[in-house]
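Residue numbers (my numbering): 1009 to 1063.
Below is one structure, written out as structure tokens, with a few remarks after it.
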């Protein structure tokens, strides 16, 4: 019940975004390789931000 009103931290938001980008890249990999590569690149940028937050 208490988690219902809890806001996500910046780290949690970035993790959700990272997972979403990788999922989109996987879906695009069968139809549009260039867009898939772009999504993977964006996901790697998000991972770099996550690593900065952890340190």
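Think of the CB as a built atom: it goes at the ideal place given N, C-alpha and C, for glycine as much as any other residue.
Keep in mind that this is a model prediction, so the values were computed, not measured.
In whole angstroms, what separates the C-alpha of residue i from that of residue j?
| i | j | result |
| --- | --- | --- |
| residue 1060 | residue 1019 | 10 Å |
| residue 1063 | residue 1029 | 23 Å |
| residue 1044 | residue 1017 | 28 Å |
| residue 1040 | residue 1024 | 23 Å |
| residue 1050 | residue 1026 | 8 Å |
| residue 1014 | residue 1058 | 20 Å |
| residue 1053 | residue 1038 | 23 Å |
| residue 1022 | residue 1031 | 14 Å |
| residue 1048 | residue 1033 | 6 Å |
According to DSSP, is residue i helix, strand or coil?
| i | result |
| --- | --- |
| residue 1017 | coil |
| residue 1040 | coil |
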